[in-house]
Amino acid sequence: MFMLKLSRRVYWDSRHSEYDHACSHQNDGGLKRLLRRLAPNAPWEQSVGERRRWAVCDRYLRKDGNLRVVEIGCAPGRILLSYHKRYGYEPWGIEYSHVGVMKSREAFVSSGLNPNHIVEADFFSEDITERFGGFFDVVTSHGFIEHFDEPAHAVLRHVSLLRPGGFLVVVIPNLLGFNYLRVRTACPEKIAIHNFDI
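Take a look at the structure:
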C-alpha cells in the first residue's frame, strides 16, 4: 500500500541537527525560569502531556528488565531512554533520519546502552517487518503517525512488531484550539506536515 509521507527526511535531519531547535521550545526559557523560581519542587522538566502519558502507561506497563521496547521515529532518544529508566526495558529504536540516528546513538552511549539497538531504516521497509516481526513487548511512537495520510496503515505496521500480548503506545500531539494557534504563529511550516483528519 502506498502512503504519502507529509514530511521529508531533510526536514528531520534539519530538526535533529545540533544547530536547529524545535520551535515549541524557543520561547520557553524565561517562563520556565520564572516558574522554577516560584515553585522549585514542581515537575517542570515534564510537560503536561508527558505527565499524562506516564500516568496512563503506569496503569498498564510493568517494570521488567526482560522486556524489550522499540520506539518508531526515536530521535533524539530521550523518550526511549525514559522507558528504560522507568520500566527497565531493553530499549530499541527505528529512525530514518541519519542525523537523528547519530543523536540517538550518542544518547545510548552516554547512558551505557548498546548504540546498535538504534536501527537506521525506513520503518515501512519489508526488512523491518522480516527482522523484527513479533519481537517487541512494547511498541511505541510519539508524534509519528500524524505525519502520514494513512495513519491506520502506520498503526498496523506498529502492531506487526508486537509479540502476542504486548502493548502498543501511540501518542499524537494535540494541535487543536490554542495549540493550533501557537504552532501556526511560531512555526507555520509544521501545519503542512501534519494530518489534521486524525
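For the sequence shown, the numbering used here begins at -8 and goes up steadily by one.
Even glycine gets a Cβ: it sits at the ideal position worked out from N, Cα and C.
- prompt: If you draw a straight line from the alpha carbon of E117 to that of I63, how long is it in whole angstroms?
  reply: Looking up residue 117 in the sequence shown gives position 126. Looking up residue 63 in the sequence shown gives position 72. Taking the straight line from one Cα to the other gives about 15 Å.
message: Here's the rule I'm using: 16 or more other beta-carbon atoms within 10 Å means buried, otherwise exposed. How should P202 be labelled?
response: What the structure shows of the chain is the stretch from -8 to 189, and residue 202 is not part of that stretch, so it cannot be assessed.
field: Through-space distance from N107 to S101, alpha-carbon basis
entry: In the sequence shown, the residue the question calls residue 101 occupies position 110. In the sequence shown, the residue the question calls residue 107 occupies position 116. Their Cα atoms are separated by approximately 13 Å.
- prompt: Which value, in whole angstroms, describes the spacing of the CA atoms of H75 and T176?
  reply: Locating residue 75 in the sequence shown gives position 84, where the first residue counts as 1. Locating residue 176 in the sequence shown gives position 185, where the first residue counts as 1. Looking at the two C-alpha atoms, the distance is approximately 35 Å.
- request: Can you have a look at D128 and say buried or exposed, based on whether 16 or more other CB atoms are within 10 angstroms of its CB?
  value: The residue labelled residue 128 in the question sits at position 137 within the sequence shown. It counts as buried.
- request: Return the Cβ separation of C65 and I109 in integer angstroms, given the expectation that the two are a contact with Cβ distance under 8 Å.
  value: For the purposes of this step, residue 65 is identified with residue 74 of the sequence shown, where counting begins at 1. For the purposes of this step, residue 109 is identified with residue 118 of the sequence shown, where counting begins at 1. Right, the Cβ-Cβ distance comes to about 7 Å (below 8 Å), so this counts as a contact.
message: Helix, strand or coil for F127? Go by DSSP, reduced to three states.
response: Your numbering for residue 127 matches position 136 in the sequence shown. Residue state, collapsed to three classes: strand.
task: Throw me the rounded Cβ distance for the E111 and V92 pair, which I believe falls under 8 Å.
output: Along the sequence shown, one-based indexing puts residue 111 at 120. Along the sequence shown, one-based indexing puts residue 92 at 101. Right, the Cβ-Cβ distance comes to about 4 Å (below 8 Å), so this counts as a contact.
- prompt: Could you give the distance in angstroms between the alpha-carbon of H16 and the alpha-carbon of V39?
  reply: As a working mapping, residue 16 is identified with position 25 in the sequence shown. As a working mapping, residue 39 is identified with position 48 in the sequence shown. Note that H16 has pLDDT 43, beneath the 50 cutoff, so the model's placement of it is unreliable and no number is given.
task: Count the other CB atoms, across all protein chains shown, that sit within 10 Å of the CB of K94; report buried if there are 16 or more and exposed otherwise.
output: To locate residue 94, count along the sequence shown from 1; it is residue 103. Buried.
query: Can you tell me where the alpha helix (DSSP H) with I70 in it begins and where it stops?
result: What you label residue 70 is simply residue 79 of the sequence shown in a count that begins at 1. Boundaries of the alpha helix (DSSP H) harbouring I70: 69 to 78, taken from the DSSP string.
- prompt: Are Y80 and L58 close, meaning C-beta to C-beta below 8 Å?
  reply: As a first step, residue 80 is located in the sequence shown; it is residue number 89 there, counting from the start. As a first step, residue 58 is located in the sequence shown; it is residue number 67 there, counting from the start. Result yes, Cβ atoms of Y80 and L58 sit closer than 8 Å.
query: By Cβ distance, which residues of its chain are closer than 8 Å to G157, with the 5 residues on each side in sequence left out?
result: As a position in the sequence shown, residue 157 is number 166, starting the count at 1. The answer, listed in chain order, is F127, D128, V129, V130.
- prompt: Helix, strand or coil for P164 per DSSP?
  reply: Looking up residue 164 in the sequence shown gives position 173. P164 falls in the coil class under three-state DSSP.
- request: Determine the extent of the beta strand (DSSP E) in which R59 is found, giving its start and end residues.
  value: If you number the sequence shown from 1, residue 59 lands on position 68. DSSP places R59 in the uninterrupted beta strand (DSSP E) bounded by 59 to 63.
query: In chain order, which continuous runs of the beta strand (DSSP E) of length 3 or greater are located wholly inside the region 103 to 147?
result: 109 to 111, 127 to 133
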